[in-house]
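To start, the structure under review is shown below, and the notes come after it.
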Amino acid sequence: MQLETTWNIANYDISDGTVLGLEPLRWLSVGKIAVVSLRGLLGAGELDAARRQAHELLGRTSAVNGTNGSQTTVGPSLTAHLHDPHTYFDIATRANEHMARAGFDLPARVRAALCRTFGLATLEPARGPDGRPYGEAVIRLHADGVRNPLHSDHIARDATGTAWTVADVVGQLSCVVCLQECDWGGELVTYRKPWEPGDEQWKVPGGPGYHSEVVATAPRHVFRPQTQDVYLINPTYYHEIEKPHGATRTTLGFFIGFTDDTLHRAVAWG
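The numbering of the sequence shown is the working numbering, which starts it at 1438 and goes up by one.
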């Protein structure tokens, strides 16, 4: 793989317990590859059981309506509550407790498996200045026919100058578990273009995301997740999700932030 000249996916089957080390995470962090996809990170049986639990949890919550459509979620979105920490931690606490009461421990099992696979020293939920834990993860039902617009997730940008502890991370990745794929559509499209301040000229006024001109000359990669895939991207690079159709696309996701540039220690949040 010519990592310097391609924007592609790195596929790994780690069902035999293969330890990859930190190199794939470093590739993601510097934009040498678009996606790291892990097959066999967890067993098929436990992921199938987690899918059933996730649907039960989602069935007992309500839709969160946004300008790009309606999503049903369990777990808080930090970016939606950057200026209201009290609400974020209230939702995070209730979501964490909700998952714990249901015996839904998939976030912890995924974190532990990532530590083993990449040789991380620690990967635990982030905590606020008072010790309150951030949300462990977000479970999402991606609504039929609703596209997730072109955007980048960059906590060091969005939370600069605030008291959020995760604003100090030196690198950010996103981990997603595909619990149920859709019948067609739902592709993740990533662009080899990190956000930079000049991109704000392409921001959609009063809405989510950016106009496509911001990535007009950037190489792109299209990835269609399959059920039981676990994959990581660098969300500070632009990405979008095409409209899913048919069976409801169900995912569990969380961000990973590194506390120093060795990438050995990290925190997670939803």
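Ideal Cβ positions, reconstructed from N, Cα and C, are used throughout, including at glycine.
DSSP lists 1690 as the beta-bridge partner residues of residue 1575. Residue nearest to residue 1489 within the set 1688, 1641, 1636 and 1611 is 1688 (criterion: CA-CA distance). With a threshold of 16 other beta carbon atoms within 10 Å, residue 1467 falls short and is exposed. Within the same chain, and ignoring the five residues on either side of residue 1589 in sequence, the residues whose Cβ sits closer than 6 Å to its Cβ are 1632, 1673 and 1675. By the criterion of a C-beta distance shorter than 7 Å, residue 1525 is surrounded in its chain by 1513, 1515 and 1518, once the five residues flanking it on both sides are discounted.
Distance check between residue 1682 and each of 1455, 1563 and 1580 places 1580 closest, using alpha-carbon atoms only.
Burial check for residue 1572: the Cβ neighbour count within 10 Å reaches 16 or more, so the residue is buried.
Spanning the alpha carbons of residue 1565 and residue 1656 requires a straight line of approximately 37 Å. Exclusion of the five residues before and after residue 1671 leaves 1465, 1466, 1468 and 1610 as the residues of its chain whose Cβ lies within less than 7 Å of its Cβ.
In this structure the segment 1542–1559 lies against the segment 1479–1489, because at least three pairs of beta carbons, one per stretch, are closer than 8 Å. Between residue 1678 and residue 1616, the C-beta spacing is not below 7 Å. In the three-state reduction of the DSSP assignment, residue 1485 falls in the helix class.
Under the three-pair Cβ rule at 8 Å, the segment 1549–1561 does not count as touching the segment 1644–1651. The beta carbon of residue 1484 lies closer than 6 Å to those of 1665 in the same chain, with the five residues before and after it left out.
C-alpha of residue 1587 to C-alpha of residue 1601: approximately 25 Å in a straight line. By the 16-neighbour rule on beta-carbons within 10 angstroms, residue 1497 is exposed. Remark: C-beta atoms of residue 1695 and residue 1607 approach each other more closely than 7 Å. By the beta-carbon neighbour count (other beta carbons within 10 angstroms, threshold 16), residue 1618 is buried.
Under the three-state reduction of DSSP output, residue 1615 falls in the strand class.
By the neighbour-count criterion, in which 16 or more other beta carbons inside 10 Å mark a residue as buried, residue 1662 falls on the buried side.
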